[in-house]
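Read the structure below first, then the notes.
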Amino acid sequence: MTVDRDTVTYLSKLAKLNIKSDEIEQATARLEKILGYMESLKAVEPTGGDPEATLALRDDVVLPSADKDELLANCAERTYFAPVVPKVVE
Amino acid sequence: MMGLLDHTALELGAMIARGETTSAEVTDAVFAAIAAKDKDINAYIGVSKELAAVQLAALDKAADGPLKGVPISIKDNICTNGVKTTCASAMLADFVPPYDAAVIEKIKAAGLPVAGKLNMDEFAMGSTSETSHFGAVKNPHDLTRVPGGSSGGAAAAVAAGEAVCALGSDTGGSIRQPASYCGVTGFKPTYGYVSRYGLVAYASSLDQIGPVAKDVADCAAIMDVIAGHDGRDSTSLRVKHPSYLASLTGDVKGRTIGVPEECFGDGVDEDVKRAVLDCAKTYESLGAKLLPVKLDFMQSVIPTYYIIATAEASSNLSRYDGVKYGFRADKVNSIDDLYAESRSQGFGDEVKTRILLGAFVLSSGYYDAYYKKAKNVQRRIIAEFGEVFKRCDALICPVAPSTAPKLGESLCDSMSMYLSDIFTVPVNLAGLPGLSIPCGTAKNGMPIGAQLIGARGADATLLDLGFAYQRATDHHRVIAGRA
């Protein structure tokens with residue numbers, strides 16, 4: 680498995696992470712080593728079949744919602760009813 | 317002279333019930349031990365004196381039980397209402413949950429005061445407890461060595477006498493491996509036996525909360541408090557749990573214990589092999605039958621685990637965007653900048669590596685070759701375990717190939733750290749229960765742990781096997797200096 684700088688830049692965009700240019704080389708080497716090891720899985724024969732459905736849904740019971748002020752207490756910036764974020768629409 | 321905190325949780329519970337000591341006395345002793353020892357060990361991120369005081373004042377209202385009044389310490393990825401829950405990350409350094417995890421509701425109802433929140437690898441991603449934003453945890457048996465991870469704070473605190481008992485979480489060995497490195501007992505229950513509601517998610521299909529304590533009986537008593545169905549966790553199983561404590565008989569006659577040859581080969585320290593095989597022989601002397609077995613999948617478990625775990629991690633950690641809670645970067649120009657800068661500054665290197673790996677294995681063009689293949693191999697692992705457990709009541713193998721490494725050895729090489737998880741990750745991949753019990757000491761003076769693995773739902777049997785060993789031997793007391 681070859682991982683290059685472009686791959687790491689692409690992945691960091693997907694993951695919404697800014698990797699500094701001087702860190703890309705190290706990140707590329709780390710990922711290449713780990714993904715190279717993961718390649719060993721290719722040699723394993725597939726078993727066939729899809730994973731079984733194991734979900735058991737709970738009954739749809741109405742419960743009280745969390746307190747708005749308690750939830751907003753962890754926001755870095757807020758109004759009285761919502762988090763504040765930088766301008767989204769230009 | 318034996319101090320208050322040399323007693324097990326059950327002994328302290330009995331002493332409190334008999335009036336020989338009080339819950340307040342024991343809780344104060346824990347706070348005093350933290351003040352005296354934690355500068356060296358760094359097992360705690362925070363103490364919760366206010367919460368403990370509130371609980372102590374209302375102790376009369378708690379349900380009666382063998383652990384009533386016994387303080388417990390909590391890994392800092394389990395939400396505690398009104399008490400900081402940081403996941404050892406700068407991302408959540410100031411996060412105060414507005415609710416309790418299901419296990420916290422249960423321990424409060426059972427009258428166990430919460431003494432504090434325990435250090436760990438950041439977001440439980442690591443096997444050494446060195447990736448914490450709040451500094452590395454040290455192994456109480458040798459301060460130049462790691463305590464294991466990611467529940468390293470839990471194991472180190474119990475081993476150092478800074479906690480009577482603790483709750484940790486185990487995604488790939490994070491309870492069992494630090495228990496082994498620190499010479500204490502750790503139990504990872506069957507997936508779905510303990511609610512994950514309020515456990516900060518790392519890899520949801522593998523995460524499970526469980527106890528870390530001085531011995532198996534304490535772990536069983538804690539399981540009686542925390543196990544049970546919870547509708548808020550869609551993977552919580554609707555099963556009738558026995559009393560795990562009352563299920564401890566110490567009788568292993570007629571049990572068959574499988575010894576997987578793949579777990580005793582090259583790459584495993586000789587001291588570790590010897591101690592774990594001696595542990596198996598002890599079971600034979602107690603009346604159990606040993607059966608050599610093969611686990612053909614062992615070479616596949618590390619890639620399978622790290623593909624599935626990082627895929628789930630990259631998805632789970634996408635919620636940290638700097639908006640609703642958690643770290644927010646300043647001096648940003650746009651919403652995209654806010655997301656990327658908050659995440660880049662808020663997460664540490666190992667977390668970022670795992671997010672990138674997860675993004676890779678889920679990305680277009682690689683999904684089938686990595687994630688889908690890993691899920692397929694996971695089914696094979698589950699099926700093979702199923703075949704083995706038709707012939708055995710449990711398996712025995714080392715918890716880890718070596719004893720605790722030196723601090724710093726793993727930090728620069730993620731891959732070598734991942735490889736040390738080889739004997740613990742299959743248990744999570746198959747949703748099985750796993751128990752780590754101290755079984756001796758290596759030439760370097762460090763504790764060695766044996767791992768017992770059971771079939772899905774065989775938690776009571778597994779704990780009983782561990783109990784039998786600890787009744788017949790005193791490794792768990794010798795290593796802790798209590799013999």
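Sequence order for the protein chains is A and B.
So the first sequence is residues 680 to 769, counted in my numbering.
So the second sequence is residues 317 to 799, counted in my numbering.
We put the beta carbon where it would ideally sit given N, CA and C, even for glycine.
According to DSSP, is R696(B) helix, strand or coil? helix
Is D486(B) helix, strand or coil when you go by DSSP? strand
How close, in whole Å, do the beta carbons of I764(B) and S443(B) come, if the pair is a contact with beta carbons under 8 angstroms? Their Cβ separation, rounded to whole angstroms, is 16 angstroms, which puts I764(B) and S443(B) out of contact at 8 angstroms.
Which listed residue (K647(B), T719(B), D531(B) and A625(B)) has its alpha carbon closest to that of D523(B): Out of K647(B), T719(B), D531(B) and A625(B), A625(B) has the C-alpha closest to the C-alpha of D523(B).
Any Cβ of chain A within less than 8 angstroms of the Cβ of Y683(B)? No - not a single Cβ of chain A is within 8 angstroms of the one on Y683(B).
C-beta neighbour in chain B for A708(A), strict 8 angstroms: Taking Cβ atoms only, chain B never reaches closer than 8 angstroms to A708(A), which makes this a no.
Segments assigned beta strand (DSSP E), at least 3 residues, entirely inside the region 604-656 of chain B: 605-609
Is A519(B) closer than 8 angstroms to E628(B) when the C-beta atoms are compared? yes
So, is the C-beta of D685(A) closer than 8 angstroms to a C-beta in chain B? It does not; no Cβ of chain B falls within 8 angstroms.
Within this structure, are the beta carbons of V430(B) and L372(B) separated by less than 8 angstroms? no
Between F760(A) and chain B, is the shortest Cβ-Cβ distance under 8 angstroms, so that the two count as touching? For F760(A), the closest Cβ of chain B is not nearer than 8 angstroms.
Going by beta carbon distance, what residues of the same chain come within less than 6 angstroms of D585(B), once the five residues before and after it are set aside? S718
If you draw a straight line from the C-alpha of T757(B) to the C-alpha of L593(B), how long is it? 13 angstroms
Using a Cβ-Cβ distance cut-off of 8 angstroms, determine whether M331(B) contacts chain A. Answer no: the Cβ-Cβ gap between M331(B) and chain A never drops below 8 angstroms.
Whose C-beta lies closer than 8 angstroms to the C-beta of V617(B) among residues of the same chain, with five residues either side of it excluded? Answer for V617(B): I697, I738, V741, P742 and L745, listed in chain order.
Where does Q786(B) land, buried or exposed, given buried means 16+ other C-beta within 10 angstroms? Buried is the call here.
Chain-ordered chain B contacts of Y749(A) [CB-CB under 8 angstroms]: In the sequence on display, residue 749(A) carries Glu and not Tyr. By Cβ distance, chain B contributes P414.
Taking DSSP as the reference, what is the three-state secondary structure of S601(B)? helix
For chain B, is any of its Cβ atoms less than 8 angstroms away from the one on V741(A)? No, its Cβ sits nowhere closer than 8 angstroms to a Cβ of chain B.
Short of 7 angstroms Cβ to Cβ, which residues in the region 435-461 of chain B face chain A? none
Check this for me: beta carbons of Y513(B) and D546(B), under 8 angstroms apart or not? yes
Three-state secondary structure (DSSP) of D737(B): Looking at D737(B) - three-state DSSP - the assignment turns out to be coil, as it is neither helix nor strand.
Below 9 angstroms on C-beta distance, what does A418(B) contact in chain A? Simply none; closest approach about 13 angstroms.
Based on DSSP bridge pairs, tell me the residues matched to S389(B). G432(B) and A482(B)
Leaving out five residues on either side along the sequence, give the residues of the same chain with a beta carbon under 6 angstroms from the beta carbon of E731(A). Bear in mind that a pLDDT of 49 at E731(A), under 50, signals an unreliable position, so the number given afterwards is only what the model happens to contain. Contacts found: none.
Which of the three DSSP states is assigned to Y507(B) in this structure? It is coil, neither helix nor strand.
Report all residues from its chain with a CB closer than 8 angstroms to the CB of M614(B); omit the five preceding and five following residues, and keep chain order. P576, E578, C579, I738 and P742
Grouping DSSP H, G and I as helix and E and B as strand, with all else coil, what is R757(A)? strand
Does the beta-carbon of M733(B) have 16 or more other beta-carbons within 10 angstroms, so that it is buried, or is it exposed? buried
What does the alpha-carbon distance come out to for the pair M731(B) and I573(B)? 32 angstroms
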